[in-house]
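**Q**
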Amino acid sequence: MGRMHSSGKGKSLAMKPFSTVAPTFLNHKVGEIEQFVLSSAKRGIAPSYIGKSLRDSYGVGNCADIFGMTLVEFLKKNNAAPTFPEDLTALMDKASEIRLHLAVHKKDNDAKYRLNLINSRLHRLLRYHKEKGNVPKTFKPKKN
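Note that this note's numbering has the sequence shown beginning at 14, numbered continuously upward.
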């Protein structure tokens, strides 16, 4: 299947190794890793950054091997998940940055075009999250 807004087909991919057990080289206890994840989430750090720091500091490549569930599922179980999905907030931030750029550079047609693509992607993703119940049905993204 092709890409949404480019001509690439994306046929080459790397497969994750199939494993359901924690890696043997892990030096930290599971409780210590859980404490780190929950404290990071309470400080407002996004799940993707928590995953990066787990990978770099603790050597955890896949949270599902340790927790038995994904990182966001683990955070939801412990009532520490973010209120909005991270992919949605990232797209909203990107759109607002392009709008700020267009306020200064009104004739930047490429930025206008990219903003249109981002808005299309944002509304498609918003429709998905509304159907799943991750976002309230009445939510509309604000335009800065």
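Quick reminder that beta carbons are idealized off the backbone N, C-alpha and C, glycines included.
Given the structure is predicted, the values throughout are model-derived calculations rather than measurements.
1. Can you find at least 3 beta carbon pairs, one from the stretch 67-80 and one from the stretch 105-113, that sit closer than 8 Å?
2. At the level of alpha carbons, what is the spacing between L128 and G21?
3. Taking DSSP as the reference, what is the three-state secondary structure of S133?
4. Going by the beta-carbon positions, is the gap between S109 and K153 smaller than 9 Å?
5. Do V50 and L67 come within 9 Å of each other at the CB atom, strictly closer than that value?
6. On the CB-based measure, 16 or more other CB atoms within 10 Å of its CB, does A116 come out buried or exposed?
7. Buried or exposed: where does F31 fall if 16 or more other Cβ atoms within 10 Å of its Cβ makes it buried?
8. Shortest alpha-carbon distance to N75 belongs to which of P36, R16, G146 and N132?
9. Exposed or buried, P149, counting other C-beta atoms within 10 Å across all chains shown (16 or more means buried)?
10. Going by DSSP in three states, V34 sits in which element: helix, strand or coil?
11. What separation, rounded to the nearest whole angstrom, lies between the Cα atoms of M82 and H118?
**A** Quick answer:
1. no
2. 20 Å
3. helix
4. no
5. yes
6. exposed
7. exposed
8. P36
9. exposed
10. coil
11. 45 Å
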